[in-house]
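For reference, the structure is listed below as structure tokens.
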Amino acid sequence: MIEEIIENKLDYASLLCESDPNINLVENYLRDGRLFAYFEKQTPLAFIAVKEINDTTLEIKNLLTLENNRGHGYGKSLLQYIENLYQNKTTFLIGTANSSMTNMLIYTKLGYHYSHKIENFFIDYYPQEIYENNMQATDLLYFSKTRAN
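Using my numbering, you'd call the opening residue of the sequence shown number 21 and step up by one each time.
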């Protein structure tokens, strides 16, 4: 079951750091945005944090399935839930590191297309170097999905 977490959102910040290791950024978008979770027996299995950018655009700030629950479609379900919830939005943005090959594959399978990048984002905004897939995360790559209104 998918539910919005309204109270004590910041209690989940350390969990969300599994996919976004900058606690300051996580706390900022939790304060300014909305947090939803996929629950099973009152246990959260996956999370999605979103923030409205303007009247037409929504940014997915964090999409995380906890490690032991990956591969069951919880993240996909959350993303589809958000796209349905925000019927008034025509553009959805989601970002990932240049080293996050799995994320890029998942997003493109779900209809997202490469949009743009912010060079050196992970160098400028993260205190420690991040490596995955034997690559340093340097650039933030944005993928977008647009629908007709």
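For each residue, glycine too, the CB sits at the ideal point set by N, CA and C.
Closest residue to residue i among the options (Cα-Cα distance)
i, options, result
"Met155", "Phe142, Lys61, Tyr162", "Phe142"
"Leu86", "Lys96, Ser39, Leu130, Gln107", "Ser39"
"Gln62", "Gln107, Ile114, Glu23", "Glu23"
"Ala57", "Tyr145, Ser135, Met21", "Met21"
Residues near residue i by beta carbon distance below 6 Å, same chain, minus five either side
i, result
"Leu55", "Ile25, Lys29, Ala69"
"Ile150", "Phe142, Ala157"
Distance, residue j Cα to residue i Cα
i, j, result
"Tyr132", "Leu65", "23 Å"
"Thr116", "Glu27", "27 Å"
"Lys137", "Tyr32", "27 Å"
"Gly95", "Asn123", "11 Å"
"Ser119", "Asn153", "6 Å"
"Gly93", "Pro147", "32 Å"
"Leu99", "Thr77", "15 Å"
"Ser164", "Lys71", "14 Å"
"Leu125", "Leu161", "13 Å"
"Arg51", "Asp159", "25 Å"
Beta carbon of residue i nearer than 9 Å to that of residue j
i, j, result
"Asn82", "Phe59", "no"
"Asn108", "Asp75", "yes"
"Leu105", "Leu36", "no"
Own chain, CB closer than 7 Å to residue i, minus 5 neighbours either side, in chain order
i, result
"Glu103", "Phe112"
Proximity test, Cβ basis, 9 Å: residue i and chain B
i, result
"Met21", "Chain labels in this structure do not include chain B; a single protein chain is all it has."
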